[in-house]
Each structure stands twice: as structure tokens, then as C-alpha cells.
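Enquirer: Here the sequence shown is numbered in our numbering, starting from 1 and rising by one per residue.
Let me give you the structure first, and then I'll get to my questions.
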Amino acid sequence: MTSDSSPIKIGYCLSLTGPLSGNSKSARLAHDIWRDDVNSRGGLLGRPVELVRYDDEGDASRVPSLYARLVDEDRVDLVIGGTAPTPSRPRCPKSFRASVFLSVSWDWALTTSWSTQTTSR
């Protein structure tokens with residue numbers, strides 16, 4: 001295991017404003033609860049988790065530049081999709097080129113032993 005104690009940065013977009021904001025606000029809360037829980041147990045692989053998220057306003061045309069920002073400027077370790085497929089679909093090309101892609105269903109991660117096993121290492 002590396003001695004790196006820098007945070008594992010997970011980047012994504014949510015529609016925190018606009019027509020899809022209802023679902024995204026509850027997803028943001030769930031993400032924050034997950035992050036706090038993981039960090040209270042020592043993080044992932046002994047590193048704290050940092051969430052980097054941007055509001056895509058429910059507008060799919062904003063997503064490519066926001067994911068480019070996550071990858072190029074924020075230097076996230078991985079990216080995930082948001083809660084709605086239409087706004088988050090355009091993230092894929094940039095993510096694949098940068099080799100920092102991971103798409104995970106947050107409800108799966110929160111309700112399976114995967115999260116516990118990963119954070120207990």
C-alpha cells in the first residue's frame with residue numbers, strides 16, 4: 001500500500017438546479033452521507049474521500065465541459081455518472097480518453113458489502 005495520504009477525488013455532475021433538481025438534491029445528500037461514513041472509517045485504501053461535483057443545471061450541453069474540468073483542472077481520480085442518464089451521458093468521451101472512468105450506481109454501493117469491504121482495508 002502506498003503512503004500517499006492525499007484524498008481520493010471522485011468527480012461528477014448533478015442537476016442541482018433545473019428540472020431534475022429534486023432527485024439530484026437527495027442524491028447529493030446521500031453522497032455526502034456516504035463520504036462522511038467512509039471517511040469516518042479511515043477512507044478508501046487509507047485515504048480520505050473528497051467529492052468534487054458541479055451543477056449541470058439539467059442541461060446535457062454543459063456536461064462535456066464540466067467533465068473536462070473535473071479531469072483536466074480538478075485532476076479527479078475517477079468520475080461517476082449523475083442521477084439522470086440524459087445529462088450525464090455526454091461525460092463518457094472525455095472520461096474514456098483520460099482513463100479515469102468509473103460508473104457506479106450509488107444505491108448499489110450503499111446497500112452492498114462492497115463499500116464496507118473496500119473501506120475497511
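No residue lacks a Cβ here, since even glycine has one placed at the ideal position from N, Cα and C.
Quick one, are the C-beta atoms of Gly58 and Pro19 less than 7 Å apart?
Expert: As a working note, residue 58 is residue 58 in the sequence shown. As a working note, residue 19 is residue 19 in the sequence shown. Contact flag set, yes.
Enquirer: Rounded C-beta distance between Asp74 and Leu14? I'm assuming under 8 Å.
Expert: Here residue 74 refers to the residue found at position 74 when the sequence shown is read from its first residue. Here residue 14 refers to the residue found at position 14 when the sequence shown is read from its first residue. Not confirmed; about 15 Å, so no contact.
Enquirer: Does the beta-carbon of Gly43 have 16 or more other beta-carbons within 10 angstroms, so that it is buried, or is it exposed?
Expert: Indexing the sequence shown from 1 puts residue 43 at position 43. Buried.
Enquirer: Report yes or no: do three or more beta-carbon pairs, one from the stretch 46–53 and one from the stretch 26–35, lie closer than 8 Å?
Expert: yes
Enquirer: Can you say whether Arg53 is buried or exposed, counting buried as having 16 or more other CB atoms within 10 angstroms of its CB?
Expert: Along the sequence shown, read from residue 1 onward, the residue named residue 53 stands at position 53. Buried, by the Cβ-count rule.
Enquirer: Under a Cβ-count criterion, where at least 16 other Cβ atoms within 10 Å of its own Cβ denotes burial, should Ser24 be classed as buried or exposed?
Expert: The residue you call residue 24 lines up with position 24 of the sequence shown. Label assigned to Ser24: buried.
Enquirer: Can Gly11 and Val63 be called in contact, C-beta distance under 7 Å?
Expert: Start at 1 with the first residue of the sequence shown, and residue 11 comes out as number 11. Start at 1 with the first residue of the sequence shown, and residue 63 comes out as number 63. Val63 sits away from Gly11, with the two beta carbons spaced by 7 Å or more.
Enquirer: From what residue to what residue does the beta strand (DSSP E) around Arg53 run?
Expert: As a position in the sequence shown, residue 53 is number 53, starting the count at 1. Taken as a continuous stretch (DSSP letters only), the beta strand (DSSP E) holding Arg53 covers Val49 to Asp55.
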